[in-house]
Amino acid sequence: MSKKKKFLKIFLISFAVALASLYGVLYLFLNSISIKPTDGVSPMPDKRVNVLVIGVAKNLSDTIMMASYDMEKDKVDIFSIPRDTYYPRKGYNHAAQKKVNAVYGSSGAEGLVKAVEDITKMDIDYYVQFDYEAVKAIVDGLGGLKVEVPNDMNYDDPADDLHIHFKKGQAVKNGEDIVKLLRWRKNNKGGGYKEGDLGRIKMQQQIVKLGMEKVINGNIVANFLKLQSPITKYVKTSMTPKEMMYFANKAKDINSESIFFHTVPGNPKTMEGLSFFVINKDKLKEEIDLVMAEE
14 MSKKKKFLKI FLISFAVALA SLYGVLYLFL NSISIKPTDG VSPMPDKRVN
64 VLVIGVAKNL SDTIMMASYD MEKDKVDIFS IPRDTYYPRK GYNHAAQKKV
114 NAVYGSSGAE GLVKAVEDIT KMDIDYYVQF DYEAVKAIVD GLGGLKVEVP
164 NDMNYDDPAD DLHIHFKKGQ AVKNGEDIVK LLRWRKNNKG GGYKEGDLGR
214 IKMQQQIVKL GMEKVINGNI VANFLKLQSP ITKYVKTSMT PKEMMYFANK
264 AKDINSESIF FHTVPGNPKT MEGLSFFVIN KDKLKEEIDL VMAEE
């Protein structure tokens with residue numbers, strides 16, 4: 014065998030081994046965040062997939078977003094559902110239990126999936142659940158996200174070891190400060206976003222979009238290596254490894270211009286001594302129908 018052919022053979026074998034090893038590492042990583050023990054045989058969506066994104070704090074769903082991905086057009090529509098959304102349930106009679114964010118504490122992610130399906134009248138295929146430690150670690154893993162503070166923020170919760178002190182116009186970047194922006198609702202002496210919780214949702218959407226843009230526009234492999242540890246520790250999903258790899262491959266052509274954010278329409282209302290967000294079901298149906306009609 015000539016030296017050239019021998020070198021080529023060794024190169025191809027080495028490349029195949031490296032590729033198999035990378036696949037194995039990727040599979041083990043994805044398997045660590047999946048709640049499903051096997052890949053199963055159920056067919057995967059081939060046109061549109063709906064994923065519920067759940068941010069958890071103190072056993073409540075603090076962030077609720079439904080991402081609807083049109084795989085044929087590489088388009089993503091993300092619907093934010095306010096945590097204070099009025100969602101009464103049989104057997105849960107206390108006022109605080111009538112908020113949609115309380116569903117997670119009593120019924121888990123699967124229960125919240127059913128609640129959001131009831132609210133949106135859309136089937137949800139999967140969910141992804143994370144906590145604020147995940148956000149902190151992922152933001153730092155991506156090198157930070159630069160966000161301008163929209164309001165003076167002065168809030169302290171010693172019981173939760175949470176202290177938020179920012180000036181309007183200040184730029185924050187690291188994961189810990191980004192989490193504080195996500196969590197802030199009001200100041201110690203009152204006063205928060207002019208739009209109430211809807212202002213907080215806009216901040217969440219801004220940060221999610223910045224994070225998605227950084228992942229999309231960066232080196233996917235490098236980002237994967239950076240984010241393995243925080244994702245493994247703090248993120249769980251109902252997708253199998255096979256499904257995650259399938260959708261990741263499908264989503265490779267998504268760009269920031271094809272990601273659209275929506276907030277379910279409605280109005281704040283005080284009931285039973287608490288502030289709720291009451292959804293306008295007719296307007297929500299119109300908005301969802303419009304998104305579906307664009308297929």
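Following the numbering used here, the numbering of the sequence shown begins with 14 at its first residue and continues without gaps. Backbone N, C-alpha and C define an ideal beta-carbon position, used for all residues, glycine too.
Under the three-state reduction of DSSP output, E85 falls in the coil class, being neither helix nor strand. Look at L287 here: in three-state DSSP terms it is strand. Using a C-beta cut-off of 8 Å, the segment 172 to 192 makes contact with the segment 146 to 164, since at least three inter-stretch Cβ pairs fall below that distance.
When DSSP states are grouped into helix, strand and coil, M225 belongs to the helix group.
For the alpha helix (DSSP H) assignment, the uninterrupted runs of no fewer than 4 residues enclosed by the segment 244 to 298 are, from N- to C-terminal side, 254 to 263.
Excluding sequence positions up to five before and after E208, its CB lies within less than 8 Å of the CB of K215, all in the same chain and listed in chain order. For A150, the enclosing alpha helix (DSSP H) starts and ends at Y145 to G154. Per the Cβ contact rule, the segment 68 to 85 is not in contact with the segment 238 to 257 (fewer than 3 Cβ pairs under 8 Å). Ranked by how close their Cα comes to the Cα of I267, the residues I46, K88 and P171 have K88 in first place. With contact defined as three or more Cβ pairs closer than 8 Å, the segment 111 to 131 and the segment 295 to 302 are not in contact. DSSP, read as helix, strand or coil, puts R198 in coil. Around the beta-carbon of S242, fewer than 16 other beta-carbon atoms lie within 10 Å, marking it exposed. Under the three-state reduction of DSSP, G209 is assigned to coil, being neither helix nor strand. If you ignore the 5 residues before and after V152, its C-beta comes within less than 6 Å of the C-beta of L158, G188 and I191, all in its own chain and listed in chain order.
For K181, the closest alpha carbon among the candidates L195, M166 and I292 is that of M166. The beta carbon of I77 sits closer than 6 Å to those of I94, all from its chain and outside the five residues before and after it, given in chain order. Between K294 and S251, the alpha-carbon positions lie close to 28 Å from each other. Here V148 has V192 as same chain residues with Cβ atoms under 6 Å from its own Cβ, once five neighbours each way along the sequence are excluded.
A115 and K202 have their C-alpha atoms roughly 26 Å apart. In chain order, Y247 place their CB closer than 6 Å to the CB of E146, counting only its own chain and leaving out the 5 sequence neighbours on each side.
With contacts defined by Cβ atoms closer than 7 Å, M84 and K265 do not form a contacting pair.
Here N106 is exposed. Its C-beta has fewer than 16 other C-beta atoms within 10 Å. With respect to the C-alpha of I48, the residue from N200, G121, Y99 and I272 having the closest C-alpha is G121.
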